[in-house]
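Participant: Anchor point for the sequence shown: position 114 equals 113 in numbering that gives the first Met the number 0, and the numbering is continuous, going up by one each time.
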Amino acid sequence: MSRLVAFALHHRGLMVILLLALLGAGGFAFSRLNIEAYPDPVPPMVEVVTQLPGFSAEEMERNVTVPVEVQMSGVPHVASVRSVSLFGLSDVKIQFTYDFTHEEAQQQIINRLSQLGGLPNGAQPQVSPTSPIGEIYRYRLIGPPGYSLTELKTLQDWVLQRRFKAVPGVIDVTGWGGKTKTYDVVVDNDRLLAQGLNLQQVLDALAKSNVNVGGQTVDFGPQTAIVRGVGLIQTPEQIRKVMI
Numbered sequence: 000m001s002r003l004v005a006f007a008l009h010h011r012g013l014m015v016i017l018l019l020a021l022l023g024a025g026g027f028a029f030s031r032l033n034i035e036a037y038p039d040p041v042p043p044m045v046e047v048v049t050q051l052p053g054f055s056a057e058e059m060e061r062n063v064t065v066p067v068e069v070q071m072s073g074v075p076h077v078a079s080v081r082s083v084s085l086f087g088l089s090d091v092k093i094q095f096t097y098d099f100t101h102e103e104a105q106q107q108i109i110n111r112l113s114q115l116g117g118l119p120n121g122a123q124p125q126v127s128p129t130s131p132i133g134e135i136y137r138y139r140l141i142g143p144p145g146y147s148l149t150e151l152k153t154l155q156d157w158v159l160q161r162r163f164k165a166v167p168g169v170i171d172v173t174g175w176g177g178k179t180k181t182y183d184v185v186v187d188n189d190r191l192l193a194q195g196l197n198l199q200q201v202l203d204a205l206a207k208s209n210v211n212v213g214g215q216t217v218d219f220g221p222q223t224a225i226v227r228g229v230g231l232i233q234t235p236e237q238i239r240k241v242m243i
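(1) Using a Cβ distance threshold of 8 Å, determine whether the stretch 101 to 116 contacts the stretch 156 to 174, with at least three qualifying pairs required.
(2) With DSSP collapsed to three states, give me the class of V217.
(3) Could you tell me if L44 is buried or exposed, where buried requires 16 or more neighbouring beta carbons within 10 angstroms of its beta carbon?
(4) Looking at the structure shown, is F95 part of a helix, part of a strand, or coil, going by DSSP?
(5) Classify Q70: buried if its beta carbon has 16 or more other beta carbons within 10 angstroms, exposed otherwise.
(6) Rounding to the nearest angstrom, what Cα-Cα distance links V169 and V47 in this structure?
(7) Is it true that the CB of Q50 sits closer than 8 Å to the CB of G26?
(8) Taking C-beta to C-beta, are V77 and E68 nearer than 8 Å?
(9) Who are the near neighbours of P235 in its chain, counting only those whose CB is closer than 8 Å to its CB and skipping five residues on each side?
(10) The ligand ATP and N209: does any heavy atom of the ligand fall closer than 7 Å to the residue's C-beta?
(11) Would a C-beta distance cut-off of 8 Å place I243 and Q199 closer than the cut-off?
(12) Restricting to Cα atoms, I'd like to know which of I93, N120, L118 is closest to Q107.
(13) Three-state secondary structure (DSSP) at Q199?
Shown next, in the form of structure tokens:
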């Protein structure tokens with residue numbers, strides 16, 4: 000060791016060059032390293048998420064989180080159950096031991112959730128698609144000049160996301176950013192009252208007008224035609240023509 004230290008002291012320039020080379024190689028390797036290059040070695044964990052808009056954190060804890068936690072009691076090989084209750088959101092994390100694989104643990108939770116009693120307002124707990132491997136790839140979607148954020152979001156949701164999910168081993172694709180195309184109806188309360196109408200009638204009329212209806216079949220000799228009414232709203236002009 001003393002000889003190595005003496006060599007380093009007598010060849011300081013060489014040591015500096017080696018240090019810079021190591022820093023450069025480390026920086027290059029870090030820039031090419033994938034996110035979470037290795038699987039997470041922790042035991043399986045299943046996350047149950049329930050959304051219930053309009054409920055406070057205390058109401059979510061009492062009406063959703065606690066029933067889900069009670070339903071999870073007795074599941075074999077459970078190490079711990081942790082939960083978080085927020086405004087309109089309940090998140091219950093069930094940590095298993097190594098006796099189960101992630102797929103086996105997830106199936107146990109799905110079986111228990113199927114036996115869970117009715118929650119307020121018909122809330123349905125969902126098993127998060129998060130896997131033990133976690134995040135494996137990030138990408139950014141860039142369009143040609145003139146492409147808006149709304150068009151990029153539409154391309155991500157209706158084309159790329161579906162194709163990525165079809166790849167074996169991909170559990171979920173989560174997108175950030177962009178704008179979702181929507182049609183907004185601005186209601187004039189004064190005009191509604193003048194016509195003797197209310198907001199609920201407007202909502203009901205829009206909901207009933209935005210649906211396809213299936214009918215019977217009509218026979219034309221050896222051929223049969225399907226009768227259906229197409230009512231899905233596709234343009235703002237169709238919204239204006241809705242009768243209340």
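Each residue gets a CB set at the ideal place from its N, CA and C atoms; glycine is no exception.
Facilitator: The structure says:
(1) no
(2) strand
(3) It should be noted that the sequence gives Met, not Leu, for residue 44. In summary, M44 is buried, with 16 or more beta-carbon neighbours lying within 10 Å of its beta-carbon over all protein chains present.
(4) strand
(5) buried
(6) 19 Å
(7) Result no, Cβ atoms of G26 and Q50 do not sit closer than 8 Å.
(8) Not closer than 8 Å, so no.
(9) Y182
(10) The model on display carries no ligand, and the ligand ATP is accordingly not part of it.
(11) no
(12) I93
(13) Helix at Q199.
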